[in-house]
Every structure is written in C-alpha cells, then in structure tokens.
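Enquirer:
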Amino acid sequence: MLHTMVPPIVPKGQEPAPPVVSDEALLQRLRDGDAAAGEALVKRHCTALLHYLQRVAGDQVAEELHQQTWLSVLDHIEKFDPTLSGGGFKAWLFRIATNKANDFWRSRGREKVAKEGLKLVTDEEGPDASHRLHGQEQADKLKRAIAMLPESQRQVLMLRYYSDMKFLEIAQVVGCPLNTALGRMHKAMLKLKALMEE
Amino acid sequence: MIDTLNDDSQILLLFLAGELPEHDRMAIEQRLATEPALAEELEKLQSTYDHIGARLQDADELTAVPVNIHATARSIGQLMRQRLAEPRPLVVVRKQPAKSHLRPWLIPSGIAAAILVGSALLISRSGMFQPTQAVAIKAGPTTTVATHPASDDNLELFKDSFTPPNRDIADVLSPSGTPKDMSIQDDVSPFLLKVGTIQE
Numbered sequence: 715m716l717h718t719m720v721p722p723i724v725p726k727g728q729e730p731a732p733p734v735v736s737d738e739a740l741l742q743r744l745r746d747g748d749a750a751a752g753e754a755l756v757k758r759h760c761t762a763l764l765h766y767l768q769r770v771a772g773d774q775v776a777e778e779l780h781q782q783t784w785l786s787v788l789d790h791i792e793k794f795d796p797t798l799s800g801g802g803f804k805a806w807l808f809r810i811a812t813n814k815a816n817d818f819w820r821s822r823g824r825e826k827v828a829k830e831g832l833k834l835v836t837d838e839e840g841p842d843a844s845h846r847l848h849g850q851e852q853a854d855k856l857k858r859a860i861a862m863l864p865e866s867q868r869q870v871l872m873l874r875y876y877s878d879m880k881f882l883e884i885a886q887v888v889g890c891p892l893n894t895a896l897g898r899m900h901k902a903m904l905k906l907k908a909l910m911e912e
Numbered sequence: 059m060i061d062t063l064n065d066d067s068q069i070l071l072l073f074l075a076g077e078l079p080e081h082d083r084m085a086i087e088q089r090l091a092t093e094p095a096l097a098e099e100l101e102k103l104q105s106t107y108d109h110i111g112a113r114l115q116d117a118d119e120l121t122a123v124p125v126n127i128h129a130t131a132r133s134i135g136q137l138m139r140q141r142l143a144e145p146r147p148l149v150v151v152r153k154q155p156a157k158s159h160l161r162p163w164l165i166p167s168g169i170a171a172a173i174l175v176g177s178a179l180l181i182s183r184s185g186m187f188q189p190t191q192a193v194a195i196k197a198g199p200t201t202t203v204a205t206h207p208a209s210d211d212n213l214e215l216f217k218d219s220f221t222p223p224n225r226d227i228a229d230v231l232s233p234s235g236t237p238k239d240m241s242i243q244d245d246v247s248p249f250l251l252k253v254g255t256i257q258e
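Protein chains in written order, with the working numbering: chain B, 715 to 912; chain Y, 59 to 258.
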C-alpha cells in the first residue's frame, strides 16, 4: 500500500502499448542487420530519452546527443549482453546517453555549460513572460530550478523520473555507490522543491 | 541492504520505490507503525516526489520535444541502414607468437640456478675446498681408503667444515693427521667416497 512512488513519466497521449516484441528481441534483429528493428527501438524510447537529455544537457544539444546515443548503440551492439546488463536494454541505452552527456560536459567545461544552460533557460522567458499562461511559467520555473542543480544530482533525479531503472541500476550508470545515489536523489528533491517554492 | 545506507531518508526512498528486500521492508513497516516522525518523513518524501513528477510531466507536455518522433526515428533508422550497409572492416587476425608454457618466473630462476651450479663447479675445480686427497686402494677382497692431508691447516679446515651425515670424518682421520687405514665395509659413509678420489 505504501509503495506509491509514481512510475516514470510518460507524456499523456503517448503511452505506449505493452510492447509485443521485447527490446532485446528488436536489438537482436538490429544486430542481424534489420534497420527497421532499430527504427522501432528509436520510436519506443525516443520521447523519454530526449526529455532526459534535454533535462541533463539542455535543449540545444539534446537532439544531437540523442542521435549520437543511437549510433553508439549500433557501434557497440555486440557488447550488449542482456544477462549481464542489469535493467536490460533501456538501462543500457540510458547509460550510453548519460555517457554522451558527460562527454559533452567535459568537452565544453562544466562552468561554461552551466552558465549557458541557465542563460538558455532565462532567454526563453522573453519580455512577455508575465503574459504567459500559469502552466508555462511553472514549466519555465522548473527548468530554471533543474538547471541550478549540481550535475550529479540532476542526473540521478532525471534517470529516476525518465527511465525504468532502479536506484541500484542508476548508481551503476552514474558510477557511484547506492547510498551516494540515494543521497543525491534526496538532496535534489529537496533543493528542487525549495527552488520551485521561491 | 539497510546496513549500508547512511540515513532514514535513503531507506525510505528505497521503501517508496519498492526496492527494499522483503526482510528490510518488513522491518521498516514495523518502525513506521511505532515511529510517527519516520511516518511523517515518509509522507513528505512521497509528496515531494509526486509533486516534482507532476511538474515534470506538465513541463514535458508544454515544452514540446524539439523534434518529430517519427521523423527522428526515420532519420536515425536511415543512418543505421547506411552503417549496416557499409562493408564491415576486415578483422585482421595477427598471428600471436606462440606462448611459452613456461611460467615467467621460471626463466630467471633457471638462470640463477645455472649460475649457482656453474659457480659451485668452478669453485670445486679450483681446489678451494679439497683439503685432502682420498685414495681408495683396492687390496684384495676389500678396498682400503687412505686419506692424505695436504697440510695440517687444511686438515683442520676440512674437519671443521664438514660434518658427514652418517659418520664423522674425524673417525676416518687420526688425531695426528696421518692417514688412517680403513677398510670399506658396507657401512662406509657415501659422503667420504664423494669427496675423495677413488682409484682402482
């Protein structure tokens, strides 16, 4: 009864029907040279993956990182072992996406990107922000608050909300012990709540 | 699992996510029933998590993903087709040099052993440790061994240096250093025969 933590976010109207063919089966078909299977995988995970990349790396680079992630999937397809990868294909996919986001942060410099990220968010407000709908203001506020989170906390929080991964799997993806991942999650939640209430 | 976590908030996060093992989950449920503060913290965590989730969902609906999903899938699918159509690079299999079955440490050990044996042979041929000449004289049905010390000093050195395992060399040599005749019987020490020179 107490296990009421909400499931990962799926945009309304886009709830996918339970997949008939598993991700792993599609991946096997892609491995065998069936690009249509790859396309089906992209469609299945596109929204969640793009939202995740938007949140952790920003709107401007999310699409590019998204494409890089899928090509990386193709490049390393032989390395995926469903018996070894905890969380299955989706966890592996988000792990690759997280690595791409980390590479992006490293290549651009954390400080610079952090400033740019905030700038992007504030630029989007525009001069007529006061006339926006309340929902849009809230969305902008949320984006600003997310941008102010430390990168490590943001990653854990977004992985939790946008992927099906368990905390143990998230800890593996970001490369830290379970208690560290949980600590980051807790701090991120409190900080985000406080920022949104300001 | 609980033992590895730092505080209750971490445990409660796992509890809310349904990721605690059965044993730990039952322990937390027992604590929640008796600790109001813990139950209150759980409620706050749940509320905060739900609130953030709802705000993210609203924001995602308002902030359209900047690309058309189907178009994106098609373009990535096209890239995948191109990659798959490319001839796969030939895998060059380089012949690896035959691996030695010897353990790596055996080689230096063998060299060291060879040096040791060689040194021992050189030293033994140089006569440094040949204080006496043992002569075995075959006489009749028995063999007589006579030892001739090169000098008294060498004799003392020889006596002090060795303690034959089965028989003391002093028993073979007379106190004055003069040869002591002795017939080799079955109980003659093999050690003496090794250090001496047997002459037929």
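Each residue gets a CB set at the ideal place from its N, CA and C atoms; glycine is no exception.
Sorry if obvious, but does the Cβ on B:V735 come closer than 8 Å to a heavy atom of the ligand ATP?
Expert: You won't find the ligand ATP in this model; it holds no ligand whatsoever.
Enquirer: If I follow the unbroken alpha helix (DSSP H) through Y:N87, where does it start and stop?
Expert: Counting from one through the second sequence, the residue named residue 87 of chain Y turns up at place 29. According to the sequence shown, residue 87 of chain Y is Glu rather than Asn. Where Y:E87 is concerned, the enclosing alpha helix (DSSP H) stretches over 80 to 92.
Enquirer: Counting only C-beta atoms, is Y:A131 closer than 9 Å to chain B at any point?
Expert: Here residue 131 of chain Y is taken as the residue at index 73 of the second sequence, counted from 1. Chain B contact via Cβ: present.
Enquirer: B:K907 to B:V888, Cα distance in whole Å?
Expert: For the purposes of this step, residue 907 of chain B is identified with residue 193 of the first sequence, where counting begins at 1. For the purposes of this step, residue 888 of chain B is identified with residue 174 of the first sequence, where counting begins at 1. About 23 Å.
Enquirer: Would you grab the beta carbon distance between B:A771 and B:F818 for me? Rounded to a whole angstrom, and I think it's under 8 Å.
Expert: Counting from 1 along the first sequence, the entry for residue 771 of chain B is found at position 57. Counting from 1 along the first sequence, the entry for residue 818 of chain B is found at position 104. Right, their Cβ atoms sit about 6 Å apart.
Enquirer: By the criterion of Cβ-Cβ separation under 9 Å, what are the contact partners of Y:R141 in chain B?
Expert: To locate residue 141 of chain Y, count along the second sequence from 1; it is residue 83. By Cβ distance, chain B contributes A749, L785, L788, D789.
Enquirer: Please report the distance separating the alpha-carbon of B:K833 from that of Y:A85.
Expert: By one-based count along the first sequence, residue 833 of chain B stands at place 119. By one-based count along the second sequence, residue 85 of chain Y stands at place 27. With a pLDDT of only 43 at B:K833, under the threshold of 50, the placement of this residue in the model should not be trusted, and no figure is reported.
Enquirer: Mind listing the chain B neighbours of Y:E77? Cutoff is C-beta to C-beta under 8 Å, in chain order.
Expert: Working through the second sequence from its first residue, we reach residue 77 of chain Y at position 19. Going along chain B in sequence order, the residues near Y:E77 (Cβ under 8 Å) are K880, F881, L882.
Enquirer: Check the C-beta distance from Y:L96 over to Y:L103 and give it rounded, since I have them as a contact under 8 Å.
Expert: If you number the second sequence from 1, residue 96 of chain Y lands on position 38. If you number the second sequence from 1, residue 103 of chain Y lands on position 45. That pair is no contact at about 11 Å.
Enquirer: Give the residues of chain B in contact with Y:H109, contact being defined as C-beta atoms less than 7 Å apart.
Expert: To locate residue 109 of chain Y, count along the second sequence from 1; it is residue 51. Chain B residues near Y:H109: K907.
Enquirer: State the Cα-Cα distance for the pair B:A739 and B:L807, rounded to the nearest angstrom.
Expert: As a position in the first sequence, residue 739 of chain B is number 25, starting the count at 1. As a position in the first sequence, residue 807 of chain B is number 93, starting the count at 1. About 15 Å.
Enquirer: Would the segment 873 to 893 of chain B and the segment 765 to 779 of chain B be scored as touching if the rule is three or more Cβ pairs under 8 Å?
Expert: yes
Enquirer: Taking three-plus beta-carbon pairs below 8 Å as touching, is the segment 740 to 753 of chain B in contact with the segment 138 to 145 of chain Y?
Expert: Short answer: they touch.
Enquirer: Name the chain Y residues whose beta carbon is nearer than 8 Å to that of B:G849?
Expert: One-based indexing of the first sequence puts residue 849 of chain B at position 135. Those are D116, L120, listed as they occur along chain Y.
Enquirer: Figure out for me which residue from B:L788, B:S786, B:K793, B:Q781 has the closest Cα to the Cα of Y:T133.
Expert: On the second sequence, position 75 is the one that residue 133 of chain Y refers to. The sequence shown places Ser at residue 133 of chain Y, rather than the Thr named in the question. Ranking B:L788, B:S786, B:K793, B:Q781 by Cα distance to Y:S133 puts B:Q781 first.
Enquirer: On a CA-only basis, which of Y:S105, Y:T62, Y:I69 is nearest B:L904? Give me that one, please.
Expert: By 1-based counting over the first sequence, the position of residue 904 of chain B is 190. Taking only the C-alpha atoms, the option nearest B:L904 is Y:S105.
Enquirer: What do you get for Y:H206, buried or exposed, if any count of 16 or more other CB atoms within 10 angstroms of its CB means buried?
Expert: Taking the first residue of the second sequence as position 1, residue 206 of chain Y is located at position 148. Note that Y:H206 scores 47 on pLDDT, short of 50, meaning its location in the model is unreliable; the coordinates nonetheless yield the value given after this. With fewer than 16 Cβ atoms within 10 Å of its Cβ, Y:H206 is classed as exposed.
Enquirer: Tell me, to the nearest whole angstrom, how far the beta carbon of B:A815 is from that of B:L779; I am working on the premise that it is less than 8 Å.
Expert: In the first sequence, residue 815 of chain B corresponds to position 101, counting from 1. In the first sequence, residue 779 of chain B corresponds to position 65, counting from 1. B:A815 to B:L779, Cβ: 6 Å. Contact.
Enquirer: Throw me the rounded Cβ distance for the Y:L63 and B:A853 pair, which I believe falls under 8 Å.
Expert: Position 5 of the second sequence, counting from 1, holds the residue named residue 63 of chain Y. Position 139 of the first sequence, counting from 1, holds the residue named residue 853 of chain B. About 34 Å separates the two Cβ atoms, so there is no contact after all.
Enquirer: Locate the alpha helix (DSSP H) running through B:I791, then write down its first and last residues.
Expert: Numbered from 1 along the first sequence, position 77 holds the residue referred to as residue 791 of chain B. For B:I791, there is no enclosing alpha helix (DSSP H), as DSSP marks it with neither H nor E.
Enquirer: Between B:F803 and B:D737, which are expected to be in contact by the criterion C-beta below 8 Å, what is the C-beta distance as a whole number of angstroms?
Expert: Indexing the first sequence from 1 puts residue 803 of chain B at position 89. Indexing the first sequence from 1 puts residue 737 of chain B at position 23. The pair is a contact, with the Cβ atoms about 4 Å apart (cut-off 8 Å).
Enquirer: At a CB-CB cut-off below 9 Å, which residues of chain Y make contact with B:G889?
Expert: Here the question's residue 889 of chain B lines up with position 175 in the first sequence. Those within 9 Å of B:G889 in chain Y number zero; the least Cβ separation is about 17 Å.
Enquirer: Y:R89 CB to nearest chain B CB: under 9 Å?
Expert: Position 31 of the second sequence, counted from the start, is the residue given in the question as residue 89 of chain Y. No, because no Cβ of chain B sits closer than 9 Å to the Cβ of Y:R89.
Enquirer: Around the Cβ of Y:I195, are there at least 16 other Cβ atoms within 10 angstroms (buried) or fewer (exposed)?
Expert: Within the second sequence, numbered from 1, the residue matching residue 195 of chain Y stands at position 137. Since pLDDT at Y:I195 reaches only 47, below the 50 mark, its modelled position is unreliable, and no value is offered.
Enquirer: Please list the terminal residues of the continuous alpha helix (DSSP H) segment that includes B:D748.
Expert: Within the first sequence, the letter at position 34 stands for residue 748 of chain B. No alpha helix (DSSP H) contains B:D748, which DSSP labels as neither H nor E.
Enquirer: Taking all protein chains shown into account, decide if Y:I173 is buried (16 or more other Cβ within 10 angstroms of its Cβ) or exposed.
Expert: The residue you call residue 173 of chain Y lines up with position 115 of the second sequence. The residue in question, Y:I173, is exposed, as its Cβ has fewer than 16 Cβ neighbours within 10 Å.
Enquirer: Cβ of Y:I127 within 9 Å of Cβ of B:C890?
Expert: The residue you call residue 127 of chain Y lines up with position 69 of the second sequence. The residue you call residue 890 of chain B lines up with position 176 of the first sequence. No, Cβ-Cβ distance for Y:I127 and B:C890 is not below 9 Å.
Enquirer: Identify the contact partners of B:A853 in chain Y, using a Cβ-Cβ distance below 7 Å as the criterion.
Expert: Residue 853 of chain B sits at position 139 when you count from the first residue of the first sequence. Near B:A853 (Cβ distances below 7 Å), the residues of chain Y are D116, A117, L120, T121.
Enquirer: For a cutoff of 9 Å on Cβ pairs, would you count B:Q781 as touching chain Y?
Expert: Counting from one through the first sequence, the residue named residue 781 of chain B turns up at place 67. True, the Cβ-Cβ gap to chain Y drops below 9 Å.
Enquirer: B:E738 CB to nearest chain Y CB: under 9 Å?
Expert: Numbered from 1 along the first sequence, position 24 holds the residue referred to as residue 738 of chain B. It does not; no Cβ of chain Y falls within 9 Å.
Enquirer: State the Cα-Cα distance for the pair Y:F216 and Y:I181, rounded to the nearest angstrom.
Expert: In the second sequence, the residue the question calls residue 216 of chain Y occupies position 158. In the second sequence, the residue the question calls residue 181 of chain Y occupies position 123. With a pLDDT of only 45 at Y:F216, under 50, the local geometry of the prediction cannot be trusted, and no value is derived from it.
Enquirer: Which same chain residues end up closer than 7 Å to B:W784 when comparing Cβ atoms and leaving out the 5 residues on each side of it in sequence?
Expert: Here residue 784 of chain B is taken as the residue at index 70 of the first sequence, counted from 1. Answer for B:W784: V756, listed in chain order.
Enquirer: Go ahead and pull the three-state DSSP assignment for Y:T255.
Expert: Working through the second sequence from its first residue, we reach residue 255 of chain Y at position 197. Residue placement at Y:T255 is poorly supported in this model, since its pLDDT is 42, which falls under 50; the coordinates are not used for a value here.
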